[in-house]
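One structure is given here, and the rest of the page talks about it.
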Amino acid sequence: MAVVSGAPRSGGPRQKVVISTRVDKVSTGARLTSNVRAAIAIVIALIMLIPVFWMAMTAFKTRPDAVAVPPLLFFQPSLEGFVSLLTDRRQLNPEEIAAAKERTDLDFFNQVALVRGQTVLGVSAFPGQLLNSLIIAGVSTIFSVAFGVLAAYAFSRFPVPGKDDLLFFILSQRMLPPVVVTIPIFLMYRQLGLYDTHFGMILLYTAFNLSFSVWLLKGFIDEIPREYEEAALVDGYTRLQAFRKIVLPQATTGIAATTVFSLIFSWNEYAFALMLTSDVARTAPPSIPLVLGTGGIEWAAIAAGSLAFLIPVVIVTFLLRKHLLRGVTFGAIRKG
Amino acid sequence: MAQTNAEPIAQVTPRGAGGRRQMSDRRIVQLFILPTIILLILMNIFPLIYSLYLSFTNYSVISTDPPQWVGIQNYVDILSDTDFWRNFGITGTYALASVTLQTVIGFVLALLLRTKFRGSGIITTMILVPMMLSPIVVAVFWRLIFNPSYGILNPLLGFTNINTSPEWLGEPGLALLAIVIVDVWMWSPFVMLLCLAGLSAIPEYLYEAAAIDRAGGLFVFFRITLPQVLPLLLIAVLFRTIEAFKQFDLVQGLTAGGPGDATETVSVQLYQLAFQGQFNTGLSSALAYIVLIVIIAISNLYIRALNRAREG
Amino acid sequence: MANIELKQVEKKFGETFAVKPLDMSVQSGEFIVFLGPSGCGKTTTLRMISGLEAVTDGAILLDGRDVTWLHPSERDIAFVFQFFALYSHMSARENIAFPLQAAGLKRDQIRQQVAQVATMLRIDHLLDRRPGSLSGGDQQRIALARALVRRPAAFLMDEPLGALDAEFRESMRAEIKRLHIDQGATTVYVTHDQIEAMAMGDRIVIMSAAVVQQIGTPAEVYYDPANLFVARFIGSPGMNLLDGVYKAGAVHLPGGGAYTVPDDWRRVLDAPGALPADNAIVLGFRPEAVRVTRPGNDSPGELGAAVYADDLHGGYSMLHLQLADGVIVHGRAAREARHAIHSVLRFDLDPTLVRFFNPQTERAIGRDS
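Protein chains in written order, with this note's numbering: chain Z, 1 to 336; chain Y, 1 to 312; chain D, 1 to 369.
Here's what the structure looks like:
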């Protein structure tokens with residue numbers, strides 16, 4: 001690099017400039033601001049996640065630790081919370097406790113329960129509810145995305161009578177407060193025997209996700225140039241074949257984004273699940289706030305349940321963040 | 001944004017390469033759209049109509065009596081109920097405070113993060129997490145955090161004496177603020193993301209032109225940056241306002257309307273009317289419709305702004 | 001109006017040069033065009049002069065004042081962008097007034113000056129419209145007005161006609177040049193379009209791959225290209241360049257045939273060191289140098305070719321002539337003389353218009369070296 005001899009020019013940077021930047025951004029002052037910005041951003045991101053970290057920590061605390069005053073940052077980790085979450089127990093009287101302590105063949109759950117003088121009766125309702133969440137969210141997503149992509153394609157490629165009104169109608173469904181529709185659906189389901197059934201919930205979630213799916217997928221499909229299908233048609237493919245072979249493969253990112261959103265929405269859904277299920281088809285969200293043990297709110301158990309419920313979402317969020325970013329901003333962010 | 005010039009639907013049944021009859025385009029359209037329309041009519045339209053009917057009756061789900069027509073009595077009752085207006089005010093306050101804070105914080109965050117630096121991608125992802133969580137679960141663990149004895153918020157804010165530290169969910173004045181805080185925590189990133197989208201679309205040469213013309217920092221901000229971001233910001237505001245009016249999970253989870261009825265938003269009131277106490281189905285249906293009308297009004301604006309921004 | 005001096009100005013990204021150390025001066029009131037293919041460094045140089053990019057070494061002087069590290073707003077220059085850079089939510093008037101407002105002028109003064117430039121650029125009737133609703137040509141006029149209204153020391157323009165339709169480009173070209181003459185403004189203009197450069201520039205700086213190839217008037221770069229790049233780049237089509245070997249006063253082409261070199265060139269080419277050791281040489285001539293002599297095969301000193309194509313270019317014919325080894329040269333012919341494809345003919349070259357190049361250094365061999 002050529003060095004200009006002599007005293008540094010006034011106002012110029014002391015080091016050699018190697019990065020292309022505006023003249024006013026080249027100074028050491030500018031580079032400092034950039035680092036400060038980065039630091040602030042990191043701090044903010046960490047602060048934002050403190051509640052989540054705290055809850056995760058609480059899940060591993062013993063019951064007394066969870067409600068310690070002042071709150072404990074350092075503690076002895078324990079799986080008590082998870083055991084409480086996953087099992088039904090009953091309190092043992094002192095003789096039973098003494099007898100149990102003698103035994104050497106207690107399984108892991110019983111061992112942990114014994115610490116608080118309890119014995120395990122059986123599996124709690126939670127795993128079943130988690131499974132329900134999985135089934136209902138999964139199946140309803142499959143349907144809403146499948147129906148959605150078909151409808152989106154039709155709206156995108158063909159002039160449908162009253163298209164704008166129909167689309168508006170579909171999108172406006174998203175605006176309904178769930179409580180408004182819950183009452184009549186509750187009555188309907190009760191009449192039809194769909195109350196507290198998997199089928200009923202799947203039907204409901206599919207319908208509710210459909211509006212967002214159609215709208216989002218239409219946006220994605222609109223961006224696929226029609227020339228590809230037209231070329232296929234000229235080559236002798238039927239319209240259905242063109243749809244299957246050409247549009248669908250190109251729409252995979254859109255389909256992935258829509259799937260993720262539907263999954264997350266169905267997985268997280270609370271209001272409908274609360275009001276339209278009780279035992280058989282109950283999903284996890286309505287029951288997490290209610291994980292009661294003998295003697296009041298078990299925070300460690302609730303935290304454990306919350307954590308178990310949140311982890312899949314966090315993982316999915318991280319893995320499919322690019323898709324999520326596009327969907328969240330309604331397709332406004334175009335870069336990867 | 002791609003054009004959607006629709007081509008004419010083939011009226012004739014076309015023949016494919018093998019000479020077999022294929023489905024005409026019209027058939028395909030009908031087939032493709034049908035499931036969606038049916039489901040929506042079934043699960044949305046029909047319940048809405050049924051709900052409308054119920055709002056004119058005094059029906060209750062727990063009674064064996066059939067619904068009896070009472071005309072607009074339910075509506076009159078609600079609109080003349082001071083509790084309703086109070087709750088409406090609470091909902092409005094909550095919506096206003098929450099959306100304002102979200103917008104400001106989200107916008108500031110966007111300005112901060114707009115210049116790429118190492119790790120800005122990861123940070124953006126981290127910030128994406130809160131809004132992806134289930135609101136009820138969020139409510140639950142914030143209950144723990146807000147707890148005046150063993151929650152971490154008070155100590156973090158510097159209140160070390162339990163007896164004098166604020167009882168977030170226990171005091172009427174603070175409870176609504178608590179809900180606002182959680183809502184802002186969850187959704188500021190959403191506003192941030194939308195603003196980032198808007199900011200990144202601003203071409204660099206606009207700033208360069210301003211630089212040459214000796215424009216000051218504030219000048220540039222108000223005349224270049226802000227106008228470009230405004231459409232997306234508007235969308236964010238409208239969307240979050242609609243969601244604020246619809247909000248049920250968060251409020252129910254944090255306070256269930258309490259303490260007393262200090263945070264009883266209209267959604268919570270609706271739930272209580274319909275599924276608790278007297279199970280007054282007719283009355284709650286009327287309330288539901290009133291809420292619906294308000295939301296439709298705002299949604300209209302929202303959808304229009306959305307379409308305009310998407311075409312822009 | 002200012003003169004601009006660039007002293008050893010360079011731009012590096014890491015270890016790669018975007019602009020190799022460059023020296024040049026622009027006289028006050030001159031219209032200088034930076035010309036070259038994309039990525040050659042012309043825009044980067046312009047941006048360094050404006051202050052939108054920082055130099056990695058060297059100095060830039062404006063009227064003797066060292067502006068190398070000054071903020072763009074302190075250099076007293078105006079910049080016209082390719083994509084207009086107009087603020088879409090402000091009217092044309094407000095766009096033009098923008099720099100004056102930033103400078104803090106009084107409202108009456110601003111109105112007056114805006115009206116003045118609007119008349120100059122004939123956009124008075126557009127002042128209250130928003131740029132988004134106007135054609136590209138009108139938008140660029142508004143951008144020009146915004147640049148003019150400040151009465152800067154120099155105008156810098158980055159491919160301002162690049163975003164316009166072809167029909168606008170010609171008329172805008174003329175307008176910009178007329179404005180330049182009226183104002184006597186020092187202008188540095190960047191383009192990749194050599195026709196534009198030739199039409200507008202007082203002098204042209206041709207760049208390629210971060211290096212200045214030649215600085216000269218349009219006539220100079222056209223008739224006396226400094227190297228093979230300039231010879232090929234300027235002209236449409238570019239100069240014909242034939243590889244050959246120089247021996248005994250003639251250039252021998254690979255396919256056979258030899259061109260007898262004019263006498264004044266003989267002296268130059270015979271001089272020791274003029275050519276590389278193997279006497280390789282490149283013969284260059286523009287289409288208008290070609291003089292078709294006769295049909296048929298035989299005549300020493302002239303070149304023979306078969307007609308590959310005959311394009312009618314309006315007032316003249318552009319012949320594509322294929323030499324024995326398959327190389328195609330372009331030559332102009334009178335349009336009356338139609339030549340059948342595949343017919344064989346001989347042609348000579350106007351001795352004042354031939355040029356020679358050293359294939360090793362790629363530089364032109366000077367007539368008086």
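Ideal Cβ placement from N, Cα and C applies to all residues, glycine included.
These numbers were taken from a predicted model, which means no experiment stands behind them.
Residue i - DSSP class collapsed to helix/strand/coil
i, result
"Ile341(D)", "coil"
"Asp25(Y)", "helix"
"Gln276(Y)", "coil"
"Leu161(D)", "coil"
"Gln82(D)", "coil"
"Ile32(D)", "strand"
"Phe159(Y)", "coil"
"Ala305(D)", "strand"
"His313(D)", "coil"
"Phe347(D)", "strand"
"Gly41(D)", "coil"
"Asn227(D)", "strand"
"Val329(D)", "strand"
"Pro285(Z)", "helix"
"Trp54(Z)", "helix"
"Tyr87(D)", "coil"
"Ser134(Y)", "coil"
"Met24(D)", "strand"
"Arg37(Z)", "helix"
"Ala125(Z)", "helix"
Supposed close pair residue i, residue j - CB separation, criterion 8 Å
i, j, result
"Tyr153(Z)", "Phe32(Y)", "6 Å"
"Ala251(Z)", "Ile221(Z)", "6 Å"
"Val214(Z)", "Ile264(Z)", "Going by Cβ atoms, the distance from Val214(Z) to Ile264(Z) rounds to 17 Å, so no, they are not a contact pair."
"Val237(Y)", "Thr103(Y)", "6 Å"
"Leu157(Y)", "Gly151(Y)", "Incorrect: roughly 11 Å between the Cβ atoms, too far for contact."
"Ile206(D)", "Phe233(D)", "7 Å"
"Ile44(Z)", "Leu109(Y)", "7 Å"
Nearest residue (CA-CA) to residue i, options the options
i, options, result
"Phe147(Z)", "His323(Z), Gln118(Z) and Lys218(Z)", "Lys218(Z)"
"Pro289(Z)", "Arg86(Y), Thr36(Y) and Leu250(Y)", "Leu250(Y)"
"Pro237(D)", "Glu10(D), Glu74(D) and Glu288(D)", "Glu288(D)"
"Ser133(D)", "Asp202(D), Met172(D), Ile49(D) and Met90(D)", "Met90(D)"
"Phe253(D)", "Val261(D), Gly244(D) and Thr260(D)", "The sequence shown places Leu at residue 253(D), not Phe. Ranking the options by Cα distance to Leu253(D), first place goes to Gly244(D)."
"Pro161(Z)", "Ala297(Y), Arg26(Y) and Ile298(Y)", "Arg26(Y)"
"Ala389(Z)", "Gln76(Z), Thr62(Z) and Glu95(Z)", "For residue 389(Z) there is no data in the structure shown, the boundaries of chain Z being 1 and 336."
"Leu22(D)", "Arg203(D), Gln213(D) and Ser317(D)", "Gln213(D)"
"Gly71(Y)", "Tyr53(Y), Ser60(Y), Gly260(Y) and Thr64(Y)", "Tyr53(Y)"
"Ala248(D)", "Leu242(D), Gly314(D) and Pro262(D)", "Pro262(D)"
Residues bridged to residue i [DSSP beta-bridge criterion]
i, result
"Glu10(D)", "Asp57(D)"
"Tyr189(D)", "Val33(D) and Met157(D)"
"Pro237(D)", "In the DSSP output, where bridge partners are listed per residue, Pro237(D) has none listed."
"Phe357(D)", "Val282(D) and Ala364(D)"
"Met120(D)", "In DSSP, Met120(D) forms no bridge with anything."
"Met207(D)", "Val212(D)"
"Val245(D)", "His252(D) and Ala280(D)"
"His372(D)", "This structure cannot settle anything about residue 372(D), because the visible part of chain D is limited to 1 through 369."
"Gln118(Z)", "Gln91(Z)"
"Pro231(Y)", "Its beta-bridge partners do not exist; DSSP assigns none."
"Tyr259(D)", "Val251(D)"
C-beta neighbour in chain A for residue i, strict 8 Å
i, result
"Leu52(D)", "The structure shown has no chain A; the protein chains it does contain are Z, Y and D."
- Query: Pairing CB atoms from the stretch 12-20 of chain D with CB atoms from the stretch 62-77 of chain D, are three or more of them under 8 Å?
  - Reply: Too few Cβ pairs lie closer than 8 Å, so no.
- Message: Can you confirm whether the stretch 198-207 of chain Z touches the stretch 257-273 of chain Z when touching is taken to mean that 3 or more C-beta pairs between the two stretches lie within less than 8 Å?
- Response: Three or more pairs of CB atoms, one per stretch, sit closer than 8 Å, so the stretch 257-273 of chain Z contacts the stretch 198-207 of chain Z.
- Should the stretch 243-262 of chain Z be called in touch with the stretch 313-330 of chain Z, which here means at least 3 C-beta pairs below 8 Å? Flag = yes, the stretch 243-262 of chain Z and the stretch 313-330 of chain Z touch.
- If we count Cβ pairs, one from each stretch, closer than 8 Å, do we get three or more for the stretch 217-226 of chain Y versus the stretch 165-172 of chain Y? No, the stretch 217-226 of chain Y does not touch the stretch 165-172 of chain Y.
- Examine the Cβ distances between the stretch 89-108 of chain D and the stretch 138-147 of chain D and report whether three or more of them are shorter than 8 Å. Touching, yes.
- Message: Does the stretch 240-257 of chain Y come into contact with the stretch 127-146 of chain Y, if we say contact requires no fewer than three beta-carbon pairs (one atom in each stretch) closer than 8 Å?
- Response: Output reads yes: the stretch 127-146 of chain Y touches the stretch 240-257 of chain Y.
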